[in-house]
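Here's the structure we're looking at; comments come further down.
Residue numbers (my numbering), protein chains in the order written: chain A, 35 to 511; chain B, 35 to 511.
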């Protein structure tokens, strides 16, 4: 058990708060490999739970898991022009083995569209072979200049889905389906509300025709892209000369999608729910839902017996509990539970046994509740659902309250500087987006499917032209 | 659905048989990255099931999953001398990013002892922090010169466990515990019998004091190492200066273990059970346990309805079935089911509905069984258990019948040439092992824990000295 350090308050310095809680919460460690992190057991358990929830939904929709090589031959990556330009500066490159130079260089995959395209070429000849719906859970590398644990690391873990379809309509529909799966898993399990939409042409994925995105809001007001799904059109299938005979016996290129979510969701979870006491893990994604703290001056066998009984009673309701029977004081035990984000704790001592009562403390709002011993497991079950709901509702209110609209660029700059998201009419192009970002730090997050707030002004704050396109801007991770 | 090619018979050319069945069975594809393979859905599902079975057993024994970086800085790998010498020629090396040379080279992990040691250094200060029991499920790279799908590929998937303990006894005990977990999972689920033992000094892992191994026998008589668990002593903890205060307040180096199993188990499964019709997947590890084949001249709705009912009835018993209602003929459907290794199939046609019967065909021995429709799910459940048992028992008999002993090197050479494993007294050293391997192709597989056959001759066939050490030799993958 680690000594707990002081946590910088969120409103004093959010970036330092983040670093403090992930280190105190035992989520990660820095290792010898710069720009990469070590995912320690608690963080990795969050990822395992995200994987489990997602993978079930994938398989329900016909997704088959596969594994493709880590290394991409140089010649292969270069086949799709936009794609290679998008990734080139970040490519870690293997040039030698055992001290000897290789004939051809290999890139460590930054993503695997090219490898999947190369595979699909041999898998499809007729419309009967379509769709092909593959996914892999793997590590990828992008040599980022500035990194931030979980949010932006040179190596990260993700799933990448890759599909091909016989029609454009079917491919777009599938890209949207996966986008919806992401939204549901992220909102229902991670309790992170998201805004759904499309990226502008300037912000879309290198090689995509459409990029669907989910944008979530961190407690400091910044946006975080939490999952993207791309309609690739025929960009890769043409570049890789993938063809099939359609039902009119014509040879055409199939239509592709790709879609991914990453370990940055761990960062999103921390910055959506955490407070000045540490991280908060939503019950549905927590490895341990309940900490049972034995409170005593000197070890008490009755207390330990009750702790074990409670643990069993909770397990019978599919609630995983962990017992702290160490010799530390009650203050330390409570802080230790809080800093690791366990959503609910139970404190039991000799007095509680005499009074036939147990004390619950909710991690989300620190509310204290007592129950009889016999009722404890039922109460725990109810409280965990309340905590899950409250985390989501609180985050949703924060999101809604922090989106504003503007009528001029001056107002835009003020709103962004105040930490707001701006939703407004905008018909600028990519160059305009670059300028706005340089001046304000805000980028276009998406063109939302549904308006997050009501806006009636349809004059672009930047070009002063009338437009039907309403865009969401924010500073982002 | 793919056209099925002819499979070379096992006794004509085992290597070609293997290549034929893995390609016909849709298990893998060669991609653009030489020496690596693409794990297609069926093969990956086997790996997912192996992972699931292993991971449950790991967690019961206190194992916590983590994720450490893919890249190892050159300086870090060089800290343990034997270790770096063992791996050096096979190290894929990243020297540049986006065309620019890096200040320090990075190796793609061939295994991660050094990264874990570097992490442990900061995790432990007192005996209260021990043991630390970590594992990761990851990809690794070893640039092998000759490769063979699943068995030996430059990149493969595995789990690597890494632990440190406060005493040598506890570490050895834990290495043995994990060795036992491997044995149980491999025998009970993959139906592959194994011989347990230790490696000789010559064959042990680079950096280990003891290597425990499991050796299994393929249908061509060759051995395949199916899992290893290493007692590392203080080799890495000394090299990395990892220390802790023991319960006598003395500063000492902890004792380490590491243990791994890989995707070569997929190859082991194929070469243990497969026959001239294709692969055979043991029921406990199969994605699809039962293929339901609709047999008809022209589509019959009643047959399809029955197929759906049977699928549901099987699912209620946790048996996963797949329906083939395509327009292909019955011969094709049966061959297609067989080549993909589904352990049991049901054939139903219009006549069966009239007769209230269904036909089962076992994949392992092609036995045909009929049952009433109502009894079908119960019969399927019984048959799957029988198939699982029969696959294991057949393999076990083959293993036992193919181990012989020898009284001279001449007999040894003859036995090895005939495809046998040899169990005999041997007190030669590493140089002797090298010579024997050069001359016969056979290497020491292990010093078995229990004698696989009775041997009374305690004179070494090579040195002619008396010895108490009995060693198992075989040609191996």
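Beta carbons are placed, not taken as given, at the ideal position from N, Cα and C, and that holds for glycine.
Model, not experiment: these values are computed from the prediction.
In terms of DSSP beta bridges, what is residue i paired with?
i	result
residue 391(B)	DSSP output for residue 391(B) lists no bridge partner at all.
residue 62(B)	73(B)
residue 196(A)	168(A), 292(A)
residue 127(B)	130(A), 141(B)
residue 258(B)	250(B)
residue 474(B)	Beta-bridge pairing links residue 474(B) to no other residue.
residue 173(B)	191(B)
residue 482(A)	231(A)
residue 182(A)	186(A)
Consult DSSP for residue i and reduce its assignment to one of helix, strand or coil.
i	result
residue 148(A)	helix
residue 47(A)	coil
residue 428(A)	helix
residue 88(A)	helix
residue 251(A)	strand
residue 233(B)	coil
residue 468(A)	helix
residue 298(A)	helix
residue 189(B)	strand
residue 221(A)	helix
residue 239(A)	coil
residue 115(B)	helix
residue 121(A)	helix
residue 496(B)	coil
residue 304(A)	helix
residue 78(A)	helix
residue 283(A)	coil
residue 104(A)	coil
residue 99(A)	strand
residue 278(B)	strand
Between residue i and residue j, which are expected to be in contact by the criterion C-beta below 8 angstroms, what is the C-beta distance as a whole number of angstroms?
i	j	result
residue 268(A)	residue 287(A)	4 angstroms
residue 241(A)	residue 117(A)	4 angstroms
residue 489(A)	residue 457(A)	6 angstroms
residue 324(A)	residue 353(A)	6 angstroms
residue 329(B)	residue 383(B)	4 angstroms
residue 274(B)	residue 155(B)	6 angstroms
residue 145(A)	residue 174(A)	6 angstroms
residue 296(A)	residue 140(B)	That belief does not hold up - the Cβ atoms of residue 296(A) and residue 140(B) are roughly 21 angstroms apart, past 8 angstroms.
residue 101(B)	residue 73(A)	4 angstroms
residue 403(B)	residue 387(B)	Not quite, the Cβ-Cβ distance comes to about 18 angstroms (not below 8 angstroms), so this is no contact.
Whose C-alpha, out of the options, is nearest the C-alpha of residue i?
i	options	result
residue 32(B)	176(B), 476(B), 402(B)	Since the displayed chain B opens at 35 and closes at 511, residue 32(B) lies outside it and no answer follows.
residue 425(B)	464(B), 387(B), 378(B)	378(B)
residue 158(B)	204(B), 285(B), 133(B), 147(B)	285(B)
residue 40(B)	248(B), 414(B), 369(B)	369(B)
residue 230(B)	500(B), 481(B), 499(B)	481(B)
residue 132(B)	176(A), 98(A), 155(A)	176(A)
residue 291(A)	217(A), 169(A), 341(A)	169(A)
residue 319(A)	81(A), 75(A), 72(A)	81(A)
residue 161(A)	465(A), 154(A), 316(A), 279(A)	279(A)
residue 225(B)	434(B), 441(B), 422(B), 359(B)	422(B)
residue 321(A)	76(B), 50(B), 93(B)	93(B)
residue 362(A)	348(A), 333(A), 344(A), 355(A)	333(A)
residue 451(A)	69(A), 474(A), 461(A)	474(A)
residue 409(A)	344(A), 111(A), 215(A)	344(A)
residue 49(A)	129(A), 190(A), 308(A)	308(A)
residue 299(A)	57(A), 44(A), 335(A), 79(A)	79(A)
residue 238(B)	266(B), 253(B), 189(B), 108(B)	266(B)
residue 405(A)	427(A), 380(A), 428(A), 349(A)	380(A)
residue 54(A)	150(A), 219(A), 304(A), 415(A)	304(A)
residue 508(A)	449(A), 306(A), 500(A), 463(A)	449(A)
residue 395(B)	389(B), 417(B), 385(B)	417(B)
residue 61(A)	419(A), 301(A), 398(A)	301(A)
residue 465(B)	204(B), 59(B), 234(B)	234(B)
Taking only runs of the alpha helix (DSSP H) that begin and end inside the segment 310-395 of chain A, which ones reach a length of at least 4 residues, in chain order? The segment 310-395 of chain A contains these whole alpha helix (DSSP H) runs: 335-349, 364-373, 384-389.
Enumerate, from N- to C-terminal direction, the unbroken beta strand (DSSP E) stretches of 3 or more residues contained entirely within the segment 404-464 of chain B. Within the segment 404-464 of chain B, the complete beta strand (DSSP E) runs of at least 3 residues are 455-459.
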